[in-house]
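Just so we're aligned, residue 1 is where the sequence shown starts under the UniProt record's numbering, counting upward by one. The structure appears below as structure tokens.
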Amino acid sequence: MAKRLLERFRVQDDHEHGYETTKWINPDIAPLPPNRRTWGMWAFLGFGSISNLCISAWTGAASLLSLGLTIPQTIGLMILARALICLLVIGNGWMGSEWHIGFTVSQRIILGMNGAYIGQLIRIMLSIVWYGSQAWLGGLCVSAMLSSWSYNFLMMENTLPESAHMVTRDLVGFVIFHLISVPFLLIRIEKAKIPVITANLIVFVTMMGITIWACTTGGTGPLFESGAKQPSLLTKEWAWVYGIIASVGNISAGILNQSDFTRFARKQGIQVPGIIFSLFIPGMIVPIFAILTASASMEIWELEEPMWNPLTVITQWMMDDYSSKARAGAFFCSLGFVLGQIAENILGNGYAAGMDLAGLLPTWITIKRGALLAAALSWAVQPWEFYNTASTFVSVAASFSVFMGPLTGIMMTDYFVVRRQKIEISQLYTGSKEGAYWYTYGFNWRAFVAWVVCFVPAMPGMIAAVNPNVKINDGLYKYYLGNYIFGFLEAGALYALLTFVFKPQRLGCQDDFDLYGTFEDDVAISKGMAPFERPKGVDGPIEGRSVHLQDDGSKNKPGPSIAV
Numbered sequence: 001m002a003k004r005l006l007e008r009f010r011v012q013d014d015h016e017h018g019y020e021t022t023k024w025i026n027p028d029i030a031p032l033p034p035n036r037r038t039w040g041m042w043a044f045l046g047f048g049s050i051s052n053l054c055i056s057a058w059t060g061a062a063s064l065l066s067l068g069l070t071i072p073q074t075i076g077l078m079i080l081a082r083a084l085i086c087l088l089v090i091g092n093g094w095m096g097s098e099w100h101i102g103f104t105v106s107q108r109i110i111l112g113m114n115g116a117y118i119g120q121l122i123r124i125m126l127s128i129v130w131y132g133s134q135a136w137l138g139g140l141c142v143s144a145m146l147s148s149w150s151y152n153f154l155m156m157e158n159t160l161p162e163s164a165h166m167v168t169r170d171l172v173g174f175v176i177f178h179l180i181s182v183p184f185l186l187i188r189i190e191k192a193k194i195p196v197i198t199a200n201l202i203v204f205v206t207m208m209g210i211t212i213w214a215c216t217t218g219g220t221g222p223l224f225e226s227g228a229k230q231p232s233l234l235t236k237e238w239a240w241v242y243g244i245i246a247s248v249g250n251i252s253a254g255i256l257n258q259s260d261f262t263r264f265a266r267k268q269g270i271q272v273p274g275i276i277f278s279l280f281i282p283g284m285i286v287p288i289f290a291i292l293t294a295s296a297s298m299e300i301w302e303l304e305e306p307m308w309n310p311l312t313v314i315t316q317w318m319m320d321d322y323s324s325k326a327r328a329g330a331f332f333c334s335l336g337f338v339l340g341q342i343a344e345n346i347l348g349n350g351y352a353a354g355m356d357l358a359g360l361l362p363t364w365i366t367i368k369r370g371a372l373l374a375a376a377l378s379w380a381v382q383p384w385e386f387y388n389t390a391s392t393f394v395s396v397a398a399s400f401s402v403f404m405g406p407l408t409g410i411m412m413t414d415y416f417v418v419r420r421q422k423i424e425i426s427q428l429y430t431g432s433k434e435g436a437y438w439y440t441y442g443f444n445w446r447a448f449v450a451w452v453v454c455f456v457p458a459m460p461g462m463i464a465a466v467n468p469n470v471k472i473n474d475g476l477y478k479y480y481l482g483n484y485i486f487g488f489l490e491a492g493a494l495y496a497l498l499t500f501v502f503k504p505q506r507l508g509c510q511d512d513f514d515l516y517g518t519f520e521d522d523v524a525i526s527k528g529m530a531p532f533e534r535p536k537g538v539d540g541p542i543e544g545r546s547v548h549l550q551d552d553g554s555k556n557k558p559g560p561s562i563a564v
């Protein structure tokens, strides 16, 4: 009975494409077949916009103004940052759109079949942390929405102890947000494009409505005439550098695993227009909305400090006047932000964690199961502590760009420079010691050396950023401020040098036929592959085409390949 129960939970084989689920492969991490690649330009426009149409994108404008830059300077900084992000996102997502494999599997190319688990674990941890963080913000949106229904809820007495670092009203919103997120976690990624685009439109209208109200009521406010005090540690030039690097670093995890989503592209390159538009239009407009609203809030409520969180504005409406008009405005604006938080959290964190967990345990975990597991585990990080206390943990997580930058540089160098965009797909799903990506005991030491050498110099700055009591010299701190780009370039160059001196085996090789039914016939032929074809009347793994994997490699042979 136990065996039958385990078999029910085991991820099913893909008989249509002729392979069995093993510790290296299941249908969710295999190269995507054409019928699952449904994303076109509009889908990528929606995907690229979600990170700009949420609460954290709105509040992020405060960090740029805190550098002491003027509004025109801040806008110029954002343009440069968006251009850099655009190059990184498109570059690191290119492998996914060409070979239809995600970050989870591509790590086997970079770090080795066993080393890939390290990259996956880091990404899983970050996804769980940020899932909890965004869910807490989503819970605050739900709390504001419920407050518009009931004055008693708005003024609910807190029954939690002070040590809980949250109030009862917000806990209720957090629980409800988690519950309403579950059905969305069950949607297959390739079918999520319509809900995501719909949510984006609603959130954009919500943000625009709040901004129009604020400017109509309070004008543009004082922020357009004066900026915040500039930090004494930074000159104006370094304020620009830090602002650009911080903007990139804030989405460094999303840049790193970009191929998780570009692999759903209907064809190579179709993602580019949508990504460019989403980064430069919503990505520029939303921070301007935030600055206008925050500046106007200082005039409306005669404040010394602006309201950077739109939920604070919404709550203040109801505190000032709990009329039907104020309640209706609060309800619809809160609902819009709830939808935005769901879209951002499910696609940006839930699905991402699900993919990496599926790569960690392919035999038992699918993307859906992994996403649900990540949502459950996000409670353990206690995200309310991030916003209501001085949390060292979240400061460390926010500084993880020092690891992401060098690894991203290694990934792009390996794909474009070292391998010249040639990959042996069959070798990504074999535990054979003769496999192309086994390297040394399953670890690509070249990548690890380049990675470690280039993130270690930033560690003193990271420690000082987390603990202000730690003092370091100005040079080390500035290296930390610019480490994403410094680490990216240095790690890429060092990795290229190491692979030139210590050349990995089978560079320039790729499979001679489409083992997994990944490509349309004409695309396979253009790559020098024989198209996938299932023999009539054959059900199950196809002899000679399925890579059956044993840990000891005794029954494994490198997949058929040709030198290109």
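Note that beta-carbon positions come from the ideal geometry of N, C-alpha and C, so glycine has one too.
Supposed close pair residue i, residue j - CB separation, criterion 8 Å
i	j	result
methionine 355	aspartate 414	Contact doesn't hold; Cβ gap of about 20 Å is too wide.
alanine 294	methionine 307	6 Å
methionine 462	tyrosine 437	That belief does not hold up - the Cβ atoms of methionine 462 and tyrosine 437 are roughly 31 Å apart, past 8 Å.
isoleucine 423	isoleucine 109	7 Å
leucine 428	valine 105	5 Å
leucine 335	isoleucine 50	Contact doesn't hold; Cβ gap of about 17 Å is too wide.
glutamine 12	leucine 360	With a Cβ gap of about 18 Å, glutamine 12 and leucine 360 do not count as contacting.
valine 381	valine 129	5 Å
proline 362	isoleucine 29	6 Å
alanine 530	phenylalanine 513	4 Å
alanine 374	lysine 193	The pair is not a contact, with the Cβ atoms about 21 Å apart (cut-off 8 Å).
Residue i and residue j closer than 8 Å at C-beta
i	j	result
glycine 71	isoleucine 342	Reading off the sequence, residue 71 comes out as isoleucine, not glycine. Contact: no.
alanine 296	glycine 218	yes
leucine 279	arginine 82	yes
glycine 173	valine 142	yes
arginine 266	threonine 38	yes
threonine 315	alanine 135	no
isoleucine 101	proline 31	yes
glycine 405	phenylalanine 532	no
phenylalanine 177	glycine 138	yes
glycine 435	methionine 166	no
leucine 223	arginine 123	no
methionine 41	glycine 274	yes
isoleucine 118	leucine 111	yes
glycine 46	isoleucine 197	yes
tyrosine 516	isoleucine 367	no
valine 456	alanine 464	no
serine 148	methionine 318	yes
glutamine 258	glycine 93	yes
glycine 221	glutamate 299	yes
For residue j and residue i, the rounded distance between their alpha carbons
i	j	result
glutamine 271	isoleucine 251	18 Å
threonine 74	asparagine 26	46 Å
asparagine 467	proline 460	10 Å
alanine 496	threonine 440	18 Å
glycine 528	glutamate 16	23 Å
glutamate 543	arginine 263	With a pLDDT of 48 at glutamate 543, under the threshold of 50, the modelled position of that residue is not reliable, and the figure given next carries that caveat. Answer to the nearest angstrom: the Cα atoms are 27 Å apart.
cysteine 454	asparagine 152	55 Å
alanine 358	lysine 23	10 Å
threonine 188	asparagine 345	Checking the displayed sequence, the identity of residue 188 turns out to be arginine instead of threonine. When rounded, the distance between both Cα atoms is 15 Å.
lysine 3	valine 248	48 Å
tyrosine 242	valine 203	29 Å
glycine 482	alanine 239	11 Å
tryptophan 365	alanine 214	Strictly speaking, residue 365 in this sequence is isoleucine, with tryptophan absent from that position. Each residue's Cα considered, the two are about 47 Å apart.
alanine 491	tryptophan 451	6 Å
cysteine 86	proline 504	30 Å
isoleucine 276	glycine 269	12 Å
proline 383	glutamine 510	45 Å
arginine 10	alanine 376	20 Å
isoleucine 562	glutamate 237	Low local confidence applies: a pLDDT of 36 at isoleucine 562 is under 50, so the model's placement there is unreliable, with the coordinate-based value given in what follows. If I take the Cα positions, the gap works out to 51 Å.
methionine 411	proline 161	47 Å
leucine 185	aspartate 474	45 Å
glycine 350	valine 182	10 Å
phenylalanine 403	valine 418	21 Å
leucine 507	arginine 420	9 Å
residue 614	threonine 211	Shown here, the chain extends from 1 to 564; a query on residue 614 therefore has no answer.
Please determine if the stretch 348-365 and the stretch 320-334 are in contact, where contact requires at least 3 C-beta pairs separated by less than 8 Å. no
What residue ranges within the stretch 85-140 form continuous alpha helix (DSSP H) runs of no fewer than 4 residues, ordered along the chain? 103-111
Segment contact, 8 Å Cβ cut-off, at least three pairs: the stretch 156-167 with the stretch 303-322: no
Any contact between the stretch 45-64 and the stretch 372-390? By contact I mean 3 or more CB pairs, one from each, below 8 Å. no
Any beta strand (DSSP E) of 3 or more consecutive residues that is wholly inside the stretch 165-195: none
Contained alpha helix (DSSP H) runs [length at least 4] in the stretch 485-529, N- to C-terminal order: 521-526
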